[in-house]
Amino acid sequence: MTDEAMKTSQIEGELLNRDSVQSSLRREFGLETEQRRIPPAERGIAEMMMALYRGFADPLTEEILSDWHRMVLSGRNDVEVVGRYREHEDAMQVVSGPLHKPNVHFEAPPSHIMSQEMGRFLDWFAATGPGGKAPLPGLTRSGLAHLYFVSIHPFEDGNGRIGRAISEKALSQAIGQPSLIALSQTIQRKRSAYYDALEAANKANEVTDWLAYFAQTVLDAQSQSLTLIDFLLEKTRFHDRFRGRFNPRQEKVVTRMFREGPSGFTGGLSAANYITITDTSRATATRDLQELVALGAMGQTGTLRSTRYHLILEPADRREGQVSR
Numbered sequence: 001m002t003d004e005a006m007k008t009s010q011i012e013g014e015l016l017n018r019d020s021v022q023s024s025l026r027r028e029f030g031l032e033t034e035q036r037r038i039p040p041a042e043r044g045i046a047e048m049m050m051a052l053y054r055g056f057a058d059p060l061t062e063e064i065l066s067d068w069h070r071m072v073l074s075g076r077n078d079v080e081v082v083g084r085y086r087e088h089e090d091a092m093q094v095v096s097g098p099l100h101k102p103n104v105h106f107e108a109p110p111s112h113i114m115s116q117e118m119g120r121f122l123d124w125f126a127a128t129g130p131g132g133k134a135p136l137p138g139l140t141r142s143g144l145a146h147l148y149f150v151s152i153h154p155f156e157d158g159n160g161r162i163g164r165a166i167s168e169k170a171l172s173q174a175i176g177q178p179s180l181i182a183l184s185q186t187i188q189r190k191r192s193a194y195y196d197a198l199e200a201a202n203k204a205n206e207v208t209d210w211l212a213y214f215a216q217t218v219l220d221a222q223s224q225s226l227t228l229i230d231f232l233l234e235k236t237r238f239h240d241r242f243r244g245r246f247n248p249r250q251e252k253v254v255t256r257m258f259r260e261g262p263s264g265f266t267g268g269l270s271a272a273n274y275i276t277i278t279d280t281s282r283a284t285a286t287r288d289l290q291e292l293v294a295l296g297a298m299g300q301t302g303t304l305r306s307t308r309y310h311l312i313l314e315p316a317d318r319r320e321g322q323v324s325r
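Be aware that the sequence shown starts at 1, since it is given in UniProt numbering, and climbs by one per residue.
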């Protein structure tokens, strides 16, 4: 959930503090006892993620969307209308290029018909859900809901984040439980493809290509989620095997390497990396790394300046080959 909260904001160019987001989510789950101050943006996105998680089965209403909008824009002073549909008379456009000759990628319906358009959208979402008058397959409904909502663009800002939340709500309702897939993380990895697909769909009445893109993105997100689960299980087994066997420097480096997730530490860990992370001498770094290799916690590749170290996430006798990051 932390990764999804981070990435759905990052797609829109907003960078959040991971520790603050995680602390806020822990507090929402009742797991955080430390009363640290959490910035509004991080607290708001965490609140929206929890509202989505807890209320996935609830009907989507204007009140819920307004609450989500207030959460997403928590702490923002540059948006005039928060928690309500946009009201400005100017056209809502996505543009690029010079001011004197802008390239208009998208223009949303005018503000004065937002209530009418959103009423239709909410009726459609209710009718196409499980048990509705015209139910759609979960994947189709999720993809169409995202495109439909973003095409209306009902709020001054935050439409992308709320649109992705609506997609996850549709998927969750289809499977009868919170989906918790890495949708925003997957979109963020190929952000330009996401915007290209949206732009193409908004310029035509044919949405097949968009649905094909969206379906593949959801499948990729599911695969990434399964990879992450495997990684977390391997991480747990790793800590179980080596609990109490690392010195503080080694523990710090291992923690830093695990922070990179399933993709691992880019290019492997070098002695220079170890020195930088621990602020220790080369001799101490070399000794620590040799101990980690001897323990079976790390594998070593290359020689001399090209020597790199990787975490061994399962013992060699657990399965064929060496699993390392």
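Each residue gets a CB set at the ideal place from its N, CA and C atoms; glycine is no exception.
Query	Result
Alpha-carbon spacing of Met298 relative to Tyr309, whole angstroms	6 angstroms
C-beta atoms of Met71 and His153 nearer than 9 angstroms	no
Through-space distance from Lys169 to Thr217, alpha-carbon basis	16 angstroms
Where Arg256 falls: helix, strand or coil (DSSP)	helix
Gly299 - containing alpha helix (DSSP H), residue span	It is not in any alpha helix (DSSP H) - Gly299 instead sits in the beta strand (DSSP E) that spans Met298 to Thr301.
Pairwise C-alpha distance: His69 and Gln188	21 angstroms
Proximity below 9 angstroms, CB of Ile181 to CB of Gln224	yes
Same chain only: Cβ atoms within 6 angstroms of Leu149, ignoring 5 sequence neighbours per side	As written in the sequence, residue 149 is Phe, which differs from the Leu given in the question. Same-chain partners within the cutoff: Gly163 and Ile166.
Span of the alpha helix (DSSP H), counted from its first residue to its last, around Asn202	Arg191 to Asn202
Sub-9 angstroms separation of Ser74 and Glu47 beta-carbons	yes
Same chain, Cβ closer than 6 angstroms to Ser306, five either side skipped, listed in chain order	none
Buried versus exposed, by CB contacts within 10 Å (16 or more), Ile64	buried
Cutoff 6 angstroms; reference Ser142; Cβ partners in own chain excluding five residues on either side	Ser167, Ala170 and Leu171
Distance, His88 Cα to Val79 Cα	11 angstroms
CB contact below 9 angstroms: Asn103 versus chain D	This model lacks chain D altogether; it includes just one protein chain.
Residues that DSSP places opposite Tyr309 in a beta bridge	Leu269 and Gln300
For Glu107, the three-state DSSP class (helix, strand or coil)	strand
Cβ-Cβ distance between Leu52 and Ala126 below 9 angstroms	no
Where the alpha helix (DSSP H) through Ala126 begins and ends	Met114 to Thr128
Length of the line joining the Cα atoms of Thr276 and Leu269	11 angstroms
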